[in-house]
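Input: a single structure, listed below in structure tokens.
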Amino acid sequence: MEYLSKQRYDELAGELKHLIEVVYPKVTDDLAEASAQGDRSDNAGYREARRIQAKTISRIRFLQKILEHSRVIDPDSLPKDRVCLLSRVEFTNLSTNARMKFQIVSPHEMDLEAGRISLKSPIGAALMGKKVGEIAAVQVPSGTLRLRIESITPGDGR
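Numbering of the sequence shown is given in this note's numbering, commencing with residue 104 and proceeding in unit increments.
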């Protein structure tokens, strides 16, 4: 089971609805049109339409599976004093004294450019459950990072 913010759940549900109601019917029409043009073995338009159809079906099934096995997390039910899903965490790398700030999210919401890391990433997993002032040890290819938690802000879903 995966937990998603309400906003991300709604985004995925909206994408699925759009694929089913808008994209797939158009893909089906394009495929029928390409098929009507004659010999399928020598029809590049038909092959491309089939490729797009397969890609669309694959995305639809993927989204259906995510939504079927996901639950929307209530930010108010999460602990405020520990790092958990949706927490915004500021920490210091003790070997470089570099400060970083990330929000801990599900793998389906991860976006490094937006400052969101997965709870299943090495850093996210090491931070989970820690309190302000505690040190998390993270195994990385170059060794072990020691991260001191400076602040935790409860998440609101985005």
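Ideal Cβ placement from N, Cα and C applies to all residues, glycine included.
On a predicted model such as this, the values are computed, not experimentally measured, just so you know.
- Approximately 11 Å separates the beta-carbon atoms of I207 and K233; this is outside 8 Å, ruling out the contact.
- Contact annotation: I255 and S180 have beta-carbon atoms that are not nearer than 7 Å.
- Beta-bridge annotation (DSSP): E105 is paired with S173.
- About 4 Å separates the Cβ atoms of A137 and Y149, confirming a contact at the 8 Å cut-off.
- According to the DSSP assignment, T131 belongs to the alpha helix (DSSP H) that extends over 127-138.
- Around the Cβ of L215, a 10 Å sphere holds fewer than 16 other Cβ atoms; the residue is exposed.
- Note that the C-beta distance between I155 and V175 is not below 7 Å.
- The segment 165-172 makes contact with the segment 111-123; the number of CB pairs closer than 8 Å reaches 3 or more.
- The Cβ-Cβ distance between Y106 and L230 does not fall below 7 Å.
- Here DSSP, grouped into helix, strand and coil, assigns G218 to coil.
- Note that the C-beta distance between A239 and L222 is not below 7 Å.
- Within a 10 Å sphere around the beta-carbon of R202 sit fewer than 16 other beta-carbons, which makes this residue exposed.
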